[in-house]
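Per my numbering, the very first residue in the sequence shown carries number 193; after that it's consecutive.
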Amino acid sequence: MKRSSLTIGLYLLLVFAGGAAVGGFGHRLYSVKDVSATTNRKTPEQYRSAYMSEMKQRLQLTNVQAVDVEKILDATRDRYREFRERTKPEMEKLQSEQTTGIRGILSDTQMLEYDKMRAERDAKRKQGSSGG
C-alpha cells in the first residue's frame, strides 16, 4: 500500500513537533535555575504586618479584637526584649567560656586562624542583623 507524499509529510511533521515538544519539556524540567542563598530579610515590622493581615483575614477579627491582638503582641515583644537583656550577660559568659576552652586546645597557628574565623563570623552576623 503506497502512502501519499502528503500523509508522509504530515507524519514527519508530527514526529518533528512531538520531538520538539518533548525536548522543550525535558530542557525545562532539567534546566538548572540559579538559587540565591541570600534573601531579602523582612523587618520585624513587615513580619508583624503580614501576620496581622493573615490573622484578620483568616480569623475574621473585629476591629476590637485586632486592637487586642496588637496589644498582646506588643506586650510579648517587650517581655522578649526584657528576657534577652536579662540573660545577655550569662549568654556572653557562656560564649566566652567556649572560646577560652577552644583556644586552650589549639596551637598558635590554629589560634590565629580561629581568631580570623571568629572575626569573619562576627562580621557576617552584624551584617545580617543590620536589616532587622
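Glycine included, every Cβ here is placed at the ideal spot set by N, Cα and C. Values in this document were obtained by computation on a predicted structure and should not be read as measured data.
The continuous stretches of alpha helix (DSSP H) do not include S196, and DSSP gives it neither H nor E. Taking the Cβ atoms as the reference, V261 lies roughly 30 Å from M283, outside the contact range of under 8 Å. The three-state secondary structure of S223, taken from DSSP, is coil. Between A267 and M244 a beta carbon distance of about 15 Å is seen, past the 8 Å cut, so the two are scored as non-contacting. Following the DSSP letters along the chain, one finds T292 inside the alpha helix (DSSP H) bounded by residues N255 to I297. Annotation: R233 is outside any alpha helix (DSSP H) and is labelled neither H nor E by DSSP.
Taking a contact as a CB-CB distance under 8 Å, the pair R240 and L265 counts as one, their CB atoms being some 7 Å apart. CA-CA distance, D270 to Q290, rounds to 29 Å.
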